[in-house]
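Peer 1: In my numbering, the protein residues as written are 1129 to 1243.
Cβ coordinates follow ideal geometry from the N, Cα and C atoms, glycine included.
The structure under discussion is supplied below as structure tokens; questions concerning it will follow.
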Amino acid sequence: MVVPTTPAPTSMEVADLIKGTGTVLKTGDKFTAQYVLADYASHNDLQSSWSQGGFSATLSTGNLIAGWVKGLPGMKVGGRRELIIPPSLAYGAAGQSGIPGNDTLVFIVDLLKIG
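As structure tokens, this is what we get:
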């Protein structure tokens, strides 16, 4: 994954890298996706669902970080979206296992299916 070399943004950035042609994802939908996660500052890959066969969840607060809940609605099946998520919409100062606190995160998300 290529992470920008400019200073980390202070607000969330969303970009469709591939526009899907399938069903539109809405808040509350169950979905399956593949993702790669990188640290904005170090450019290191931190996680990937590709080796796990995918990631399934419900698009809602409490199930996912706020950046996903804010950044994935409107995405279509078959699409690929880049989310650059500031710490306030990710894991904050506490971080999480393998993810340092106060990190800006870069996700590349491929939406595979809804339902």
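In three-state terms, what does DSSP make of L1200?
Peer 2: Coil.
Peer 1: Check whether the region 1134-1148 touches the region 1194-1210, taking contact to mean three or more Cβ pairs, one atom from each stretch, closer than 8 Å.
Peer 2: Yes, they touch.
Peer 1: Could you tell me whether the region 1159-1174 touches the region 1220-1237, where touching means 3 or more Cβ pairs closer than 8 Å?
Peer 2: Taking 8 Å as the limit for Cβ pairs, the verdict is that the region 1220-1237 does touch the region 1159-1174.
Peer 1: Between the C-alpha atoms of Q1180 and P1215, what's the straight-line distance to the nearest angstrom?
Peer 2: About 25 Å.
Peer 1: Would the beta-carbon of I1213 fall within 7 Å of that of G1229?
Peer 2: Going by C-beta atoms, I1213 is not nearer than 7 Å to G1229.
Peer 1: Identify the continuous beta strand (DSSP E) that holds T1160 and give its terminal residues.
Peer 2: Counting along the chain, the beta strand (DSSP E) containing T1160 begins and ends at 1158-1167.
Peer 1: Since S1184 contacts T1155 with CB under 8 Å, what's their CB separation in whole angstroms?
Peer 2: S1184 to T1155, Cβ: 16 Å. No contact.
Peer 1: Tell me the residue span of the beta strand (DSSP E) that contains V1234.
Peer 2: Per DSSP, V1234 belongs to the beta strand (DSSP E) from 1233-1242.
Peer 1: Under 7 Å, do Y1163 and A1136 count as touching if we go by C-beta distance?
Peer 2: No, Cβ-Cβ distance for Y1163 and A1136 is not below 7 Å.
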